[in-house]
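Listed in order, the protein sequences are those of chains A and B.
For any residue, its number in the working numbering is found by taking its place in the first sequence, counting from 1, and adding 97.
For any residue, its number in the working numbering is found by taking its place in the second sequence, counting from 1, and adding 860.
Glycine included, C-beta positions come from ideal geometry on N, C-alpha and C.
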Amino acid sequence: MNLRNSLTIARRELNDSLRDWRIIVPIALLTIGFPWIMLAVSQFVFNYARSFDQEALFITVIPFSMMIVGFFPISFCLVVALEAFVGEKERSTLEPLLAMPISDLELYIGKLLPSIILPLGASYLGMILFDLAFKWDRQLDIPATLTIQIVLLTTLEATLMAASAVVVSSHTTTIRAANLLASFIIIPMTLLVQVESILLLNNHGEILWHIMAGLIVANLIVVRMGMKIFNREEILAREMDELNPASLVRLFWGFVTEGRGRFSLFRFYRQDFFALLSRNRASLAVVFLVMAAGLALGWGYALIYQLPPRALDLEQLTGGSLRENLQNAPTMGILPAFNTRAIFLNNVRSLSAAGLLGLFSFGSLALILLLIPMAMIGFFAGQIWLVGQSPLQFLVAFILPHGILELPAAVLATALALQMGASLISPRANMTAGQSLLASLADFLRVFLLIVIPVLLLAAYVEANLTPQIVVWLYSR
Amino acid sequence: MLVEAERLTKKFGDFVAVNELSLTLAEGEILALLGPNGAGKTTTVRMLASILKPTSGRARVAGLDVVADAQAVRHAVGLLTELPGLYSRMTALAYLDFFGTLQHIAPEQTRRRGEELLKRFDLWESRQRRLGTYSKGMRQKIAIVRAMLHEPLVLFLDEPTSAMDPHSAKQVRDAVLELKALGRTILLCTHNLPEAELVADRIAIVRRGQIVAAGTSAQLKRNLLGDPVMDVRLIEPLDGLWERFGIPLNVIEQGPNWFRYRTDQPEAVNPAVLKRLADLGRSVFSLGPLERSLEDVYLKIVQE
């Protein structure tokens, strides 16, 4: 890779943005003017609350104000990035660039850098102005850790917005369409800032480190996705990519029938399903790893947060008391009613949600949905071990009877949901991101309808009717 | 051969944009790709310029494989895109500097070469003006300058005069003729038939992603429209001419005082016809080949 090419492109983009008053004037106003407004607001809050707890107010309101001062200018990352990518496409200035002896990656970096640099520079300047003004006004320093956290958060958010804008740009041919899709970026980002604000105002700055870790992962995913889809083939093919429902349906049906034209249930169970497992083996491996991690995490938490000794008195279980406890489970708010229908619908709902969330989160939320119950199993197994009982017996009694059906169904659904999300970042060989997504959707739906749902129904029956009897039988011996 | 394409195919999903297209282009030759919108001309050029990868088939440009040596191919060719694609806030000089840097040309060389080309295309006086203020013809010319800046071995010109007023189109056509005079190897995509006939050594007609006819303008006319047709005009009516004419003639049309015949040997047949008419005491007003345009060839192919 030749960084010189990227810097040449970045320099031109930056010069172009600096000459565009529609970008420069609002950024300048937000950078130079907004810190004073936030300072005035802080003054007001300070004077109002002087008699309460000035120190507490200082460590909450001021960092929050600084974060807001930093966030407004970086919202322009979206504008600059959309202009740099889809704007060029719309103005037909991109093709001459594509004809240059530069790689797709050099072009991507060359366009991503100025989308981040200008708004982020303005953001840093705004925060420095706010910091200096505050110091001059109050002779107080904002805590260094919080300052570092806010600067890092702002940087990561700017990168994420710009990198996401590239992804959005790659799927559109006009700025208008890109602006509409950009709401998928700005809305989650605004929600995130609200969460950060709540954390700062409640003096929970330590959680910001976890948010930063999440943002780093999100950045890696979105940048990788941008690198994958910002290439000459995708950009120019998109010109031909009108939404053609008939063509989409044909393509989708081709994936469903594995290119044979006709779908055969017999062939699916006998042949296609195993081919599907083979091509999704990487996702299956990730899901198994996540399950293991969930168990370990739950076990670890059990060691930290031990339940009171009498809370898990399995030796006292009788058929009546167990059924009574299970019937009362819905009152806890997180478990379904204990019958076949409720358990089945709950599991179908969870795994459908995994598919949907996987689609919008590059697969990550689907994994989290599986991680949580696995962590709960690990937690209770750990608690059982801590009270001197056999975790193996617990697993055999409570999990295995229905789990032997339910867990494989969950693994399959989660792996295919992960594959759907991942197909956007890493399309299958010789496929565009759209084709790859359709292929993964075809896999997910076939397996979900023809394997997961029947297995979940059987598992729900076993869980509602057989598992309690096995539990009682094993623990009453 | 500077350009060789063998069974190039490009598919976008189900849509076959280019279908097993083969062509060659010798050094110093100008080949015009003629075809309606959506025929696959631009996609062909994009594959030959290493912007798009062929779905199948192979192509070499300047001895380089368009897939394996994509970067080198992009350096070896100059591409004029259908729309000039200029950065309106840049001046001509800054614009050329930018593309010169991306083509890895030394700044002094870019300036020297830029000056030479800007003068040749009458843009030197406007070099400090923002490109947004240029006329359509000037924009296309600066785009040609951009494409030629790195002295490419092959130039791909995609619809260089489309959507232009006659004056701007003439400016650009003159520029292309100038390139021809300089001995450039050019692949010209157009649906402007007179333009193709004027500048190209050979013409290839593309339809539905395939070359359906190729050759010089004269060859295409002969192959697709048949032998030349001669038009004979007499002073008097034809009355009873054929009863006494005596020479076998492939007459295809006739009127009160005119007739047309088709012949593959006009050099031999035309003098014989004139002699016979004179012998019969008929006064000939004119005899000459009927003008057949490339448009006739094109429409015949496209309508098929």
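Please determine, among the options, the residue with the shortest C-alpha to C-alpha distance to residue i.
i: L1017(B); options: K1001(B), P1026(B), P967(B) and V1092(B); result: K1001(B)
i: D1156(B); options: L953(B), G938(B), L1053(B) and A936(B); result: L1053(B)
i: Q486(A); options: A255(A), L111(A), R438(A) and Y572(A); result: Y572(A)
i: V544(A); options: S139(A), L111(A) and Q368(A); result: Q368(A)
i: E1011(B); options: V933(B), E942(B), A1064(B) and P1020(B); result: V933(B)
i: W133(A); options: L115(A), S189(A) and L229(A); result: L229(A)
i: A213(A); options: P198(A), F182(A) and V177(A); result: Before going on, a small fix: residue 213(A) reads as Ile here, not Ala. The shortest Cα separation from I213(A) among P198(A), F182(A) and V177(A) belongs to V177(A).
i: A936(B); options: L1013(B), V1059(B) and Y955(B); result: L1013(B)
i: S266(A); options: E330(A), R347(A), L210(A) and L175(A); result: L175(A)
i: R972(B); options: L953(B), V905(B) and Q988(B); result: L953(B)
i: Q963(B); options: S948(B), R1006(B), P1088(B) and S995(B); result: R1006(B)
i: P216(A); options: I272(A), V138(A), E254(A) and Q291(A); result: E254(A)
i: L210(A); options: M286(A), S458(A) and N112(A); result: N112(A)
i: V1032(B); options: D982(B), G1141(B), L883(B) and I965(B); result: D982(B)
i: P498(A); options: I548(A), T269(A), Q566(A) and L442(A); result: Q566(A)
i: Q291(A); options: K325(A), A399(A) and M164(A); result: M164(A)
i: L115(A); options: M135(A), A181(A) and S280(A); result: A181(A)
i: L454(A); options: Q516(A), L250(A) and L374(A); result: Q516(A)
Which same chain residues, not among the five before or five after residue i, have their C-beta less than 7 Å away from its C-beta?
i: K870(B); result: A877, V878, T903, M907, L912, P914 and T915
i: A561(A); result: F435, N436, T437 and I440
i: A1029(B); result: T1021
i: T529(A); result: E331 and A334
For residue i, which three-state DSSP category applies?
i: A372(A); result: helix
i: G1148(B); result: strand
i: D234(A); result: helix
i: M1090(B); result: strand
i: I1112(B); result: strand
i: F981(B); result: coil
i: V921(B); result: strand
i: V569(A); result: helix
i: L194(A); result: helix
i: A561(A); result: helix
i: L523(A); result: For the sequence presented, residue 523(A) should be read as Ser rather than Leu. If DSSP states are grouped into helix, strand and coil, S523(A) belongs with coil.
i: D338(A); result: Here the model assigns D338(A) a pLDDT of 46, short of 50, so the residue's position is not dependable, and the following value carries that caveat. In the structure shown, D338(A) sits in coil (DSSP, three-state: anything other than H, G, I, E or B).
i: I496(A); result: helix
i: K1160(B); result: helix
i: K870(B); result: strand
i: F327(A); result: coil
i: T1050(B); result: strand
i: V1036(B); result: helix
i: F435(A); result: coil
i: F360(A); result: coil
i: F459(A); result: coil
i: G279(A); result: Here the sequence assigns Ala to residue 279(A), which means Gly is not the residue at that position. Helix.
i: A241(A); result: helix
Which residue or residues does DSSP assign as beta-bridge partners of residue i?
i: Y398(A); result: Looking at the DSSP assignment, Y398(A) forms no beta bridge with any residue, so it has no partner.
i: K208(A); result: None, per the DSSP bridge assignment.
i: V1014(B); result: V937(B) and T1045(B)
i: L883(B); result: A865(B)
i: G1075(B); result: I1063(B)
i: Y1121(B); result: M1090(B) and V1111(B)
i: R989(B); result: Answer is none; R989(B) lacks a bridge partner.
i: S916(B); result: T869(B)
i: V927(B); result: Bridge partners of V927(B): none, in fact.
i: K894(B); result: Rather than Lys, the amino acid found at residue 894(B) in this sequence is Leu. According to DSSP, which records beta bridges pairwise, L894(B) is partnered with T1050(B) and I1065(B).
i: T529(A); result: None, per the DSSP bridge assignment.
Taking 6 Å as the limit between beta carbons, can you name the residues of its chain near residue i, skipping five residues before and five after?
i: D338(A); result: Low local confidence applies: a pLDDT of 46 at D338(A) is under 50, so the model's placement there is unreliable, with the coordinate-based value given in what follows. Here the set comprises nothing.
i: I1161(B); result: I1065, V1072 and A1073
i: E503(A); result: A556
i: I1112(B); result: R1120 and R1122
Might you give, ordered along the chain, the residues of its own chain that have their beta carbon closer than 8 Å to the beta carbon of residue i, omitting 5 neighbours on each side?
i: I124(A); result: P170, F173, L215, P216 and A219
i: T1076(B); result: D1061, R1062 and I1063
i: P896(B); result: H1051, R1067 and V1162
Any 3 or more C-beta pairs closer than 8 Å across the region 1119–1131 of chain B and the region 1092–1101 of chain B:
Touching, per the Cβ criterion.
With three or more C-beta pairs closer than 8 Å as the rule, is the region 372–385 of chain A touching the region 512–528 of chain A?
Below 8 Å, enough C-beta pairs join the region 512–528 of chain A and the region 372–385 of chain A to call them touching: three or more.
Pairing CB atoms from the region 352–371 of chain A with CB atoms from the region 474–494 of chain A, are three or more of them under 8 Å?
Because the criterion of three Cβ pairs below 8 Å is not met, the region 352–371 of chain A and the region 474–494 of chain A do not touch.
For the region 199–207 of chain A against the region 222–242 of chain A, do three or more pairs of beta-carbon atoms, one drawn from each stretch, fall closer than 8 Å, so that the two count as touching?
Contact fails: fewer than three Cβ-Cβ distances are below 8 Å.
Count the C-beta pairs between the region 922–933 of chain B and the region 318–327 of chain A that are closer than 8 Å, then say yes if the count reaches three, no if not.
Touching, no, given that fewer than three Cβ pairs across the two stretches are closer than 8 Å.
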